[in-house]
Amino acid sequence: MPKIVYIEADGTRKELEVEVGYTVMEGATMNGVEGVEAECGGACSCATCHVYVDEKWINKLPKKENAEEDMLDMANEPNKFSRLTCQITVTEDLDGLVVKMPSKQG
Ligand code: FES
0 MPKIVYIEAD GTRKELEVEV GYTVMEGATM NGVEGVEAEC GGACSCATCH
50 VYVDEKWINK LPKKENAEED MLDMANEPNK FSRLTCQITV TEDLDGLVVK
100 MPSKQG
């Protein structure tokens, strides 16, 4: 199972195995990662699943759809490494993906 590394805002590192087909957001919420709120449940309409993707990984992810791009404008302090975790589906290729939580959501 691919391992996803979540780094919480306080620096706590959680390496979790997340089943292929789940989203990076679901991997966080199912395992009690702090800082991914996912208020809309994955519908790309809340931006509270925002993370900063490690720079080594940012270009290995599937491209953003327009809806994600638009919703990221609503996120707290987005930057060029920002993604919405509900829009990233876990695959074997993402084994080792590192994402960092922002200091707050929304
Ligand atoms: Fe709401 Fe991702 S969970 S946008």
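For the sequence shown, position 11 matches number 10 in numbering that gives the first Met the number 0, and the numbering has no gaps at all.
Even glycine gets a Cβ: it sits at the ideal position worked out from N, Cα and C.
Note that the structure is predicted; figures quoted are calculated from it, not measured.
Minimum Cβ-Cβ distance from residue 104 to chain C less than 8 Å: Annotation note: the requested chain C is absent from the structure, which comprises a single protein chain.
Range of the contiguous alpha helix (DSSP H) that encloses residue 97: Taking the first residue of the sequence shown as position 1, residue 97 is located at position 98. Taken as a continuous stretch (DSSP letters only), residue 97 belongs to no alpha helix (DSSP H), being part of the beta strand (DSSP E) at 97 to 99.
Option in 83, 97 and 77 with minimal Cα separation from residue 54: Working through the sequence shown from its first residue, we reach residue 54 at position 55. The option with the nearest alpha carbon to residue 54 is 97.
Spatially closest choice to residue 91 from 65, 47, 17 and 52, by CA coordinates: Position 92 of the sequence shown, counted from the first residue, corresponds to residue 91. Answer by Cα proximity: 17.
Proximity test, residue 88 beta-carbon vs the ligand FES heavy atom, cut-off 7 Å: By 1-based counting over the sequence shown, the position of residue 88 is 89. Checking every heavy atom of the ligand FES against the Cβ of residue 88, none is found closer than 7 Å.
Cβ neighbours of residue 88 in the same chain (closer than 7 Å, five flanking residues each side left out): Along the sequence shown, one-based indexing puts residue 88 at 89. 20 and 22, listed in sequence order.
Run of the alpha helix (DSSP H) containing residue 15, from where it starts to where it stops: Sequence index remark: in the sequence shown, residue 15 carries index 16 (1-based). From DSSP, residue 15 is part of no alpha helix (DSSP H) but of the beta strand (DSSP E) over 12 to 16.
When 82, 59 and 15 are compared against residue 101, the one with the closest alpha-carbon: Working through the sequence shown from its first residue, we reach residue 101 at position 102. Residue 101 has its Cα closest to that of 82, out of 82, 59 and 15.
Those residues, in chain order, that have a beta-carbon closer than 7 Å to some heavy atom of the ligand FES: 24, 37, 38, 39, 40, 41, 42, 43, 44, 45, 46, 47, 48, 70, 83, 84, 85 and 86
Per-residue burial, residue 73 [other beta carbons within 10 Å of its own, 16 or more giving buried]: By one-based count along the sequence shown, residue 73 stands at place 74. Burial call: exposed.
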